[in-house]
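**Q** Please find one structure pasted underneath; my questions will follow.
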Amino acid sequence: MSEQALSDSFRWKDYVLFNGGNIDEIWNKTYYTQSRRILYILGSGFDIRMTNGLSILLRNCPDADITCLLIDFEKSGLSHHNIHEKANEQNRLLLNSMLPSNRISIKTIRIYADTNENHTERQYIGDESVVAEIFKAWEEIEPFSDIYLDVSSLSRGIYISLSGKILSILDQPQPASRLRRINFFIVATENAAMDALIKEEGLVGRPQFLRGFSLTFSPFETVKPLLWLPMLGEDKQTYLQATYEELKGKKQKLEICPVLPFPSRDPRRSDNLFAGHHHALFDELTVDFNNVIYVPEQNPYEVYLGLVRTIVRFNRSMKLLGGCRVAISPFSSKLLSVGAMLASYELYKFRKSDKIDVGVITTVSESYGKLDQSLLIDLHKDSELFVIWAAGDPYPIVDNLTL
Amino acid sequence: MIRTSEKIDSESFFLKLFSHLALESLAEKGKNGELWGHLYFIHSSPGAGKTSILRVFQPTTLLALLRGHNQHKDLFNFMKGIDALNDDKINVLGVFLPIREYGSLAYSPLSSHQRQRIFNALLNARLTLALLKSILDFAGMTFPDGLAQIKCTYQDVNNHFKGLSLPCTGLDLYQWAVNIENQIAQAMDSFNPEDILGKEGHDEPFVFSCFHPTSFSLDQLALPKRFLFMMDDVHSLPLEQRKYIKQYLNTRRLPVSIWLAERLSALSPEENLGNQEGRDYGIINIERYWSRNPRQYRKLLSNIAETRASMSADDIEAFESYLQEQNQYLEGETTESVYENELKSLRTLTDHSVKYFPWYQYLEKKKESIYEKTVLCRLINILLHREQSRTQLSLDFESSSVEISQKLSNASSLKSSAAFFVARQHKLPYYTGFDNLVTISNYNIQQFLIFSAALFEHVLAQQLINRNEGLLTAPNQERVLKQVAQELWNNLPRLVNQKVVNFLRELTKYAEKESLRPTVPYAPGVTGFAITQNYRHELFDEKAHWLSNPVYVSLATVLSDCVAYNLLIPEEITQGTKGTRHTVYYLNRWLCIHFNLVVGFGGWRHRKLDDLIKWLK
Numbered sequence: 258m259s260e261q262a263l264s265d266s267f268r269w270k271d272y273v274l275f276n277g278g279n280i281d282e283i284w285n286k287t288y289y290t291q292s293r294r295i296l297y298i299l300g301s302g303f304d305i306r307m308t309n310g311l312s313i314l315l316r317n318c319p320d321a322d323i324t325c326l327l328i329d330f331e332k333s334g335l336s337h338h339n340i341h342e343k344a345n346e347q348n349r350l351l352l353n354s355m356l357p358s359n360r361i362s363i364k365t366i367r368i369y370a371d372t373n374e375n376h377t378e379r380q381y382i383g384d385e386s387v388v389a390e391i392f393k394a395w396e397e398i399e400p401f402s403d404i405y406l407d408v409s410s411l412s413r414g415i416y417i418s419l420s421g422k423i424l425s426i427l428d429q430p431q432p433a434s435r436l437r438r439i440n441f442f443i444v445a446t447e448n449a450a451m452d453a454l455i456k457e458e459g460l461v462g463r464p465q466f467l468r469g470f471s472l473t474f475s476p477f478e479t480v481k482p483l484l485w486l487p488m489l490g491e492d493k494q495t496y497l498q499a500t501y502e503e504l505k506g507k508k509q510k511l512e513i514c515p516v517l518p519f520p521s522r523d524p525r526r527s528d529n530l531f532a533g534h535h536h537a538l539f540d541e542l543t544v545d546f547n548n549v550i551y552v553p554e555q556n557p558y559e560v561y562l563g564l565v566r567t568i569v570r571f572n573r574s575m576k577l578l579g580g581c582r583v584a585i586s587p588f589s590s591k592l593l594s595v596g597a598m599l600a601s602y603e604l605y606k607f608r609k610s611d612k613i614d615v616g617v618i619t620t621v622s623e624s625y626g627k628l629d630q631s632l633l634i635d636l637h638k639d640s641e642l643f644v645i646w647a648a649g650d651p652y653p654i655v656d657n658l659t660l
Numbered sequence: 016m017i018r019t020s021e022k023i024d025s026e027s028f029f030l031k032l033f034s035h036l037a038l039e040s041l042a043e044k045g046k047n048g049e050l051w052g053h054l055y056f057i058h059s060s061p062g063a064g065k066t067s068i069l070r071v072f073q074p075t076t077l078l079a080l081l082r083g084h085n086q087h088k089d090l091f092n093f094m095k096g097i098d099a100l101n102d103d104k105i106n107v108l109g110v111f112l113p114i115r116e117y118g119s120l121a122y123s124p125l126s127s128h129q130r131q132r133i134f135n136a137l138l139n140a141r142l143t144l145a146l147l148k149s150i151l152d153f154a155g156m157t158f159p160d161g162l163a164q165i166k167c168t169y170q171d172v173n174n175h176f177k178g179l180s181l182p183c184t185g186l187d188l189y190q191w192a193v194n195i196e197n198q199i200a201q202a203m204d205s206f207n208p209e210d211i212l213g214k215e216g217h218d219e220p221f222v223f224s225c226f227h228p229t230s231f232s233l234d235q236l237a238l239p240k241r242f243l244f245m246m247d248d249v250h251s252l253p254l255e256q257r258k259y260i261k262q263y264l265n266t267r268r269l270p271v272s273i274w275l276a277e278r279l280s281a282l283s284p285e286e287n288l289g290n291q292e293g294r295d296y297g298i299i300n301i302e303r304y305w306s307r308n309p310r311q312y313r314k315l316l317s318n319i320a321e322t323r324a325s326m327s328a329d330d331i332e333a334f335e336s337y338l339q340e341q342n343q344y345l346e347g348e349t350t351e352s353v354y355e356n357e358l359k360s361l362r363t364l365t366d367h368s369v370k371y372f373p374w375y376q377y378l379e380k381k382k383e384s385i386y387e388k389t390v391l392c393r394l395i396n397i398l399l400h401r402e403q404s405r406t407q408l409s410l411d412f413e414s415s416s417v418e419i420s421q422k423l424s425n426a427s428s429l430k431s432s433a434a435f436f437v438a439r440q441h442k443l444p445y446y447t448g449f450d451n452l453v454t455i456s457n458y459n460i461q462q463f464l465i466f467s468a469a470l471f472e473h474v475l476a477q478q479l480i481n482r483n484e485g486l487l488t489a490p491n492q493e494r495v496l497k498q499v500a501q502e503l504w505n506n507l508p509r510l511v512n513q514k515v516v517n518f519l520r521e522l523t524k525y526a527e528k529e530s531l532r533p534t535v536p537y538a539p540g541v542t543g544f545a546i547t548q549n550y551r552h553e554l555f556d557e558k559a560h561w562l563s564n565p566v567y568v569s570l571a572t573v574l575s576d577c578v579a580y581n582l583l584i585p586e587e588i589t590q591g592t593k594g595t596r597h598t599v600y601y602l603n604r605w606l607c608i609h610f611n612l613v614v615g616f617g618g619w620r621h622r623k624l625d626d627l628i629k630w631l632k
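Chain order of the listed sequences is A and B. In this text, residue positions in the first sequence follow this note's numbering: the first is 258, and each later residue adds one. In this text, residue positions in the second sequence follow this note's numbering: the first is 16, and each later residue adds one.
Below is the structure:
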């Protein structure tokens, strides 16, 4: 199949992405009249980018009918005392000042569960909780015309599974009585310099596959080659090693293709990541130099296309062995992680006949290190808003795609 | 050096590395005929050897042992002794099931009863697959290729195997099990949590009781007379499922051999207490067994070290002998000036009273090496500090030499503390010798291999440079061990939160301060703590316990991380009034090396919660 034909078979081959100046094309008074109802979902957190998307939406569309769903996280017995409590609180106050209280609903989910009676071990269940607790019924989203999921202050364990859930709900046949499709957008305020400053600390449990994107490795199944695509970010050597050990323990034939961001806003970023992970990748994991994949830092759809092409080609080359399975680790920025989610969702959850098992495996960090808020505020001036239109009006209704 | 059993691919290679001594904890039960037809829990920390023990009983390993019994005589004879095999056949078919991929079940929208049924179905499916694989392994056939040749003659009178018509072939059974596994796995990963509600599940994990060796045939091959179901990493099960399966197996009292291996950290405090009276199952706590049989543990490690050393390099057989002992070095290196320093320190303590003069005379008369006299001098220093710190006034009578001998004999337990003080003060090597290596291992074979591997590399390097240079000197050993400990410490921030690092740093500072008190009240030195809220069985009430107090959330998390990463080793100790039980958190011995603490166990202090909280900053 030619490259063009291959690309034509992908769900998001034609995509809609807004960023920077062209956000006004969608976020304007003409589009968002009172007839449209927006559900804006965001996470409670310390990141000053938490309310950035909502504030721009409100500024551009002051008359829009907006309901906010704030996902909060239960401070279970084994959560670390949150050193960012003050920043959390400031963000909450800011949110409360943007919308009347009857427009903000809060959903609190558990993110940890004890795995022993001593309460000395725990497991991350944020992804399980968000799938179980958010949108239990179609009726919860039915009243809305547009759903925005702002991932700026959500951890990857939450937004990846939640994005998948929302897509899966919208991909189901909608009631005949419904005249208008529901649009789904993913919003991210991107700033690689700020991301680099927010250091994840410690590991909770072992790396795990996220709900909705899990692969099961039975010791009794025929072993297929496993392609691992770790998407690298700054200082992720420990997560890389931990995930490698976890995948190696599944006793699969492992092929590793690291994913680096290029082109990127900082043109040296991929070089720096390459250098920073050199020992881990090439000495410890013995990755082949030729296996490195480059995807654009600031276009999740191009990330998605790059990943899907790679996976499809690899799967075809492994045809004699029954194909392959794929594990993607989104250790990088949110836009790249969204691209990973789209790739996994299409190949694993959406396709019926040409399905490829593509899971998302990640680590969960204990907490985040201390931050210089004034520096973050300063860096935030260079943040850029991205609005990824993932489902709805621009896209044809597709029942099945064939590779 | 290969450290984990899972990474050793070939059975014969595994058998070469495996020491029969690792099975000693089973020996007594085997001799008493209690090993088979019972339920056993095998408990240990990570790296203590649970999985290796289970691996020995798998059919491929037992068959390799049978074929190569001449090369592995000790292990072969041991396994014969416990009726795992005899001269011409194996008597047990080990069915090995690693516990994985059950985590998401706990968080489904099912009721507790529904979760139990789904769990039963999944377990039945996987145990069936594990059993079929074991049968094919026993027959020397590839899984799943040979399944059609297996005949299952089980009569399903209770209609357990819905959707399957029995008797059937192994292939039919395989497909039945795979279907269940796939359907449940897909439902559990679905974005719609309701999908799992449509799955029926099973009433109980009936595979344990349904299948016997007589239920299966494979051509003319006679299967071993018993199955041994082995579930590894049971701690990976969600809490609810773990409790359920343990309770089920315990109450059913099936006449089947079932072993469940799990980590100590998964146990409840009640389980950890080790009171086995009145229970219908056995517990094999690997570390506890070794701590009660230290000689055998030492022998095991010696055996492991020799085997691996001899496989790595032809010229090195007795690895132990390449490690210079501390006293060997110190007897050559301790100078008069060190002894004089100790004497000076003693004089400072005692010059105000002549009653201490006989102690000097006693010392002077001793015909021992300078090092021994130096340690003795420090021991006397400790004893006299203790005497002087007593509030009761003593009359200024001199002690006779008989009394002095008696006092020193009664204080023999302080000798190791004295040696530690001498080493610290005069910067002499302390962490040396094979016995020290055994202690550092914390009854954990994997930890032993980490440190011994580093020493072994230096021994090899030494040999390469100078073949006649046998001994790795005490200072070099200490340097190597400290390097390994330093690397482990440097790696820690990548694994745990900074609070954990802070806590450990403060704990070791406290331990050092308490250990270096001149009276050594907590011999051989403090390396652990217990939380002051004394915990008794009847008080373990979640509503009252400090763990549920939000003020101590961060402390609970830090302790949980420390236990999970084997940085603190919890041990239940009965001490004090009315048999009070304490959970003492001991530092892992590698931390003791890094922070220059004693490596012997025993010394610990109570600490209040509010004091511990301060250590997080």
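Beta carbons: idealized from backbone N, C-alpha and C, even for Gly.
Would you check if the distance between the CB atom of leucine 15 of chain B and the CB atom of isoleucine 299 of chain B is smaller than 8 Å?
**A** Given a span of 16 to 632 for chain B in the structure shown, any question on residue 15 of chain B remains unanswerable.
**Q** Determine, using beta-carbon pairs with one atom in the region 531 to 547 of chain B and one in the region 602 to 620 of chain B, whether at least three such pairs fall under 8 Å.
**A** Output reads yes: the region 602 to 620 of chain B touches the region 531 to 547 of chain B.
**Q** Between B:Leu54, B:Glu26, B:Gly96 and B:Ser60, which has its C-alpha nearest lysine 46 of chain B's C-alpha?
**A** The residue given as residue 46 of chain B occupies position 31 in the second sequence. Checked all of B:Leu54, B:Glu26, B:Gly96 and B:Ser60; the closest Cα to lysine 46 of chain B is B:Gly96.
**Q** Does the separation of the CB atoms of asparagine 92 of chain B and glycine 216 of chain B fall below 8 Å?
**A** Against the second sequence, residue 92 of chain B aligns to sequence position 77. Against the second sequence, residue 216 of chain B aligns to sequence position 201. Going by C-beta atoms, asparagine 92 of chain B is not nearer than 8 Å to glycine 216 of chain B.
**Q** Is there at least one Cβ from chain A nearer than 8 Å to glutamate 553 of chain B's Cβ?
**A** The count along the second sequence starts at 1 and reaches residue 553 of chain B at position 538. Legend: pLDDT at glutamate 553 of chain B = 40, less than 50; position of this residue unreliable, value from coordinates given subsequently. No, glutamate 553 of chain B does not count as interfacial toward chain A.
**Q** Can you tell me whether leucine 612 of chain B is buried or exposed, with buried defined as 16 or more other CB within 10 angstroms of its CB?
**A** One-based indexing of the second sequence puts residue 612 of chain B at position 597. With 16 or more Cβ atoms within 10 Å of its Cβ, leucine 612 of chain B is classed as buried.
**Q** Would you say isoleucine 323 of chain A and isoleucine 298 of chain A are within 8 Å of each other, going by their C-beta atoms?
**A** Taking the first sequence and counting its residues from 1, the one referred to as residue 323 of chain A is at position 66. Taking the first sequence and counting its residues from 1, the one referred to as residue 298 of chain A is at position 41. Cβ distance not < 8 Å, so isoleucine 323 of chain A and isoleucine 298 of chain A don't count as in contact.
**Q** What are the start and end residues of each continuous beta strand (DSSP E) run of 3 or more residues lying completely inside the region 481 to 507 of chain A, in chain order?
**A** 482 to 488, all fully within the region 481 to 507 of chain A.
**Q** Considering Cα atoms alone, identify which of A:Leu592, A:Gly506 and A:Pro515 is closest to serine 521 of chain A.
**A** By 1-based counting over the first sequence, the position of residue 521 of chain A is 264. Looking at the Cα atoms, A:Leu592 is the closest of the given residues.
**Q** Is any beta-carbon of chain A found at less than 8 Å from that of arginine 267 of chain B?
**A** Taking the second sequence and counting its residues from 1, one reaches residue 267 of chain B at position 252. False, the Cβ-Cβ gap to chain A never drops below 8 Å.
**Q** If you count every other CB in all the chains shown that lies within 10 Å of the CB of arginine 525 of chain A, and 16 or more means buried, which is it?
**A** Against the first sequence, residue 525 of chain A aligns to sequence position 268. Exposed, because fewer than 16 other Cβ atoms sit within 10 Å of the Cβ of arginine 525 of chain A.
**Q** Just list the beta strand (DSSP E) runs in the region 271 to 301 of chain A, keeping only unbroken ones of 3 residues or longer that don't cross its boundaries, in chain order.
**A** As far as the region 271 to 301 of chain A is concerned, its whole beta strand (DSSP E) runs of at least 3 residues are 273 to 276 and 294 to 300.
**Q** To which residues of the same chain is glycine 297 of chain B closer than 8 Å at the C-beta, ignoring the five residues directly before and after it?
**A** Start at 1 with the first residue of the second sequence, and residue 297 of chain B comes out as number 282. If we look at glycine 297 of chain B and ignore the five residues flanking it on each side, its Cβ neighbours are Lys44, Glu49, His53, Leu54, Tyr55, Phe56 and Gln291.
**Q** The alpha helix (DSSP H) spanning leucine 146 of chain B covers which residue range?
**A** For this step, residue 146 of chain B is matched to residue 131 along the second sequence. From DSSP, the alpha helix (DSSP H) with leucine 146 of chain B extends over 127 to 154.
**Q** Since proline 476 of chain A meets chain B, which of its residues come closer than 7 Å, beta carbon to beta carbon?
**A** Start at 1 with the first residue of the first sequence, and residue 476 of chain A comes out as number 219. Correct list: Pro113.
**Q** Would you list, in sequence order, the uninterrupted alpha helix (DSSP H) runs of no fewer than 4 residues that lie entirely inside the region 326 to 401 of chain B?
**A** Qualifying alpha helix (DSSP H) stretches, in chain order: 341 to 348, 351 to 365 and 372 to 380.
**Q** How would you call valine 369 of chain B, buried or exposed, if buried means at least 16 neighbouring beta carbons within 10 angstroms?
**A** Position 354 of the second sequence holds residue 369 of chain B. So valine 369 of chain B counts as exposed.
**Q** What's the C-alpha gap between threonine 500 of chain A and histidine 58 of chain B?
**A** Counted from its first residue, the first sequence places residue 500 of chain A at position 243. Counted from its first residue, the second sequence places residue 58 of chain B at position 43. Cα to Cα, the separation comes out at about 26 Å.
**Q** With C-beta atoms as the reference, is phenylalanine 471 of chain B less than 8 Å away from isoleucine 455 of chain B?
**A** Here the question's residue 471 of chain B lines up with position 456 in the second sequence. Here the question's residue 455 of chain B lines up with position 440 in the second sequence. No.
**Q** Count the other CB atoms, across all protein chains shown, that sit within 10 Å of the CB of isoleucine 645 of chain A; report buried if there are 16 or more and exposed otherwise.
**A** Position 388 of the first sequence, counting from 1, holds the residue named residue 645 of chain A. With 16 or more Cβ atoms within 10 Å of its Cβ, isoleucine 645 of chain A is classed as buried.
**Q** Based on DSSP bridge pairs, tell me the residues matched to alanine 99 of chain B.
**A** Taking the second sequence and counting its residues from 1, one reaches residue 99 of chain B at position 84. Paired residue(s): none; alanine 99 of chain B is not in a bridge.
**Q** Going by CA-CA distance only, name the one from B:Leu188, B:Ile301, B:Val474 and B:Lys632 that's closest to serine 336 of chain B.
**A** The count along the second sequence starts at 1 and reaches residue 336 of chain B at position 321. Nearest of B:Leu188, B:Ile301, B:Val474 and B:Lys632 to serine 336 of chain B, Cα basis: B:Val474.
**Q** In angstroms, rounded to a whole number, what distance separates the CA positions of asparagine 207 of chain B and phenylalanine 28 of chain B?
**A** Walking along the second sequence from the start, residue 207 of chain B turns up at place 192. Walking along the second sequence from the start, residue 28 of chain B turns up at place 13. Computed Cα separation, rounded: 47 Å.
**Q** Among the residues of its own chain, which have a CB less than 7 Å from the CB of leucine 554 of chain B, if the five just before and after it don't count?
**A** Indexing the second sequence from 1 puts residue 554 of chain B at position 539. Any answer about leucine 554 of chain B is weak, because its pLDDT of 38 lies below 50 and its placement is not dependable; what the coordinates show is given next. If we look at leucine 554 of chain B and ignore the five residues flanking it on each side, it has no Cβ neighbours.
**Q** My output table needs one value for cysteine 514 of chain A: the three-state DSSP class, helix, strand or coil.
**A** Start at 1 with the first residue of the first sequence, and residue 514 of chain A comes out as number 257. In the structure shown, cysteine 514 of chain A sits in coil (DSSP, three-state: anything other than H, G, I, E or B).
**Q** Please list the partners that lysine 148 of chain B has in chain A, where partner means a Cβ-to-Cβ separation under 9 Å.
**A** Numbered from its first residue, the second sequence carries residue 148 of chain B at position 133. Near lysine 148 of chain B (Cβ distances below 9 Å), the residues of chain A are Pro476 and Phe477.
**Q** How about glutamate 219 of chain B and leucine 137 of chain B: are their beta carbons less than 8 Å apart?
**A** For this step, residue 219 of chain B is matched to residue 204 along the second sequence. For this step, residue 137 of chain B is matched to residue 122 along the second sequence. Not closer than 8 Å, so no.
**Q** Looking at the secondary structure, which residues open and close the beta strand (DSSP E) in which isoleucine 417 of chain A lies?
**A** Mapped onto the first sequence, residue 417 of chain A falls at position 160. Taken as a continuous stretch (DSSP letters only), isoleucine 417 of chain A belongs to no beta strand (DSSP E), being part of the alpha helix (DSSP H) at 413 to 428.
**Q** At a Cβ threshold of 8 Å, is proline 208 of chain B touching chain A?
**A** For the purposes of this step, residue 208 of chain B is taken as residue 193 along the second sequence, with counting starting at 1. Answer yes: the Cβ-Cβ gap between proline 208 of chain B and chain A drops below 8 Å somewhere.
**Q** Please confirm whether serine 25 of chain B has its beta-carbon closer than 8 Å to some beta-carbon of chain A.
**A** Position 10 of the second sequence holds residue 25 of chain B. Not closer than 8 Å to any Cβ of chain A, the Cβ of serine 25 of chain B fails to qualify, so no.
**Q** Measuring straight from C-alpha to C-alpha, what distance separates histidine 338 of chain A and leucine 472 of chain A?
**A** Residue mapping note: residue 338 of chain A aligns to position 81 of the first sequence, counting from 1. Residue mapping note: residue 472 of chain A aligns to position 215 of the first sequence, counting from 1. Reliability fails at histidine 338 of chain A, whose pLDDT of 45 lies under 50, so the model's placement of it is uncertain and the value that follows must be treated cautiously. If I take the Cα positions, the gap works out to 33 Å.
**Q** Can you confirm whether aspartate 14 of chain B, when its beta carbon is compared against all beta carbons of chain A, has any partner nearer than 8 Å?
**A** Chain B is shown from 16 up to 632; residue 14 of chain B falls before or after that span and cannot be answered.
**Q** Would you verify that the beta carbon of leucine 350 of chain A is, or is not, closer than 8 Å to some beta carbon of chain B?
**A** Residue numbering aside, residue 350 of chain A sits at position 93 when the first sequence is read from its first letter. It does not; no Cβ of chain B falls within 8 Å.
**Q** Closer than 7 Å, Cβ to Cβ, to anything on chain B: give me those residues from the region 447 to 468 of chain A, in chain order.
**A** Per Cβ criterion, the list reads Glu458, Gly459, Leu460 and Arg468.
**Q** Assuming leucine 606 of chain B contacts leucine 464 of chain B under a Cβ cut-off of 8 Å, what Cβ separation, rounded to an integer in Å, is found between them?
**A** Mapped onto the second sequence, residue 606 of chain B falls at position 591. Mapped onto the second sequence, residue 464 of chain B falls at position 449. Actually they do not touch by this definition, with Cβ atoms about 18 Å apart.
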